[in-house]
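Numbering (this note's numbering), first residue to last: 346 to 563. In what follows, a structure is listed as structure tokens, so that the remarks can point back to it.
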């Protein structure tokens with residue numbers, strides 16, 4: 346069984362996740378830890394639980410989700426694993442970080458492994474399916490545990506909302522179609538862990554998300 350620890354970091358209130366199982370291996374997803382105390386909070390949790398980080402994975406590469414990449418690489422010797430179509434997004438962060446007040450941003454290491462839909466990844470005794478869900482970012486992916494019935498969804502869906510599509514590489518219709526095909530094909534009881542805010546479920550969003558009602562009816 347996968348256990349999930351959520352942290353909320355940086356001024357964007359971004360949700361960072363640590364997934365681990367009984368093997369003590371863990372995956373760090375979307376590390377938004379920018380301030381030293383945020384980085385220490387994450388590292389201390391891993392140390393206290395005696396976890397062994399084996400993968401650093403990103404749902405996508407917008408600034409709020411990658412602020413801790415450099416720290417994670419230095420501390421745990423892990424380079425980010427992303428979808429290849431998000432590489433340019435990752436590289437561009439250093440060009441605009443100062444605009445958002447992150448003057449101390451240290452550029453992310455380059456990925457050495459690119460994640461693909463057809464290649465689920467494993468850690469410990471657990472497996473996560475990867476699905477490609479573009480629209481918010483060109484290489485946005487999500488991570489699904491069918492055994493434990495949850496999705497680490499990044500910024501595709503939020504509770505009663507969806508990710509913004511006015512950033513470079515975003516497209517509103519692409520996001521709606523991606524959600525319908527990749528996420529709403531999952532069972533209603535799957536829990537959705539979001540990149541910002543509180544979790545939701547597939548079923549709740551099918552029934553209540555105002556941005557998706559018209560898409561579903563069509």
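Just so you know, even glycine gets a beta-carbon here, dropped at the ideal spot from N, CA and C. Every value quoted in this text rests on a predicted model; they were computed, and no experiment measured them.
| Query | Result |
| --- | --- |
| CA-CA distance, residue 508 and residue 418? | 28 Å |
| Just grab the DSSP bridge partners of residue 371 for me. | 365, 398 |
| Closest by CA to residue 403, which one among 426, 385, 482? | 426 |
| Alpha carbons only, please: which of 483, 449, 536, 372 is nearest the one belonging to residue 471? | 372 |
| In angstroms, rounded to a whole number, what distance separates the CA positions of residue 517 and residue 480? | 6 Å |
| Using DSSP bridges, identify the partner residues of residue 556. | According to DSSP, residue 556 bridges with nothing at all. |
| What whole-angstrom Cβ distance do residue 478 and residue 489 have, given they're in contact under 8 Å? | At roughly 11 Å, the Cβ-Cβ gap does not stay under 8 Å, so residue 478 and residue 489 are not in contact. |
| For residue 435, which option in 452, 370, 494 has the closest C-alpha, if you only look at C-alpha atoms? | 452 |
| If you reduce the DSSP assignment to three classes, tell me which class residue 551 lands in. | helix |
| In the DSSP assignment, find the unbroken beta strand (DSSP E) run with residue 486 in it and report its ends. | 486 to 490 |
| Go ahead and pull the three-state DSSP assignment for residue 383. | helix |
| Please report the residue range of the alpha helix (DSSP H) in which residue 416 lies. | 414 to 421 |
| In this structure, what does DSSP give as the bridge partners for residue 496? | 489, 537 |
| Residue 459 and residue 429: beta carbons closer than 7 Å? | yes |
| Report yes if the CB atom of residue 502 is closer than 7 Å to the CB atom of residue 537, and no otherwise. | yes |
| Considering only their Cβ atoms, is the gap separating residue 540 from residue 499 smaller than 7 Å? | yes |
| Would you list, in sequence order, the uninterrupted alpha helix (DSSP H) runs of no fewer than 4 residues that lie entirely inside the stretch 415 to 483? | 432 to 441 |
| Have a look at 406, 525, 362 and flag the residue whose alpha-carbon is nearest the alpha-carbon of residue 390. | 362 |
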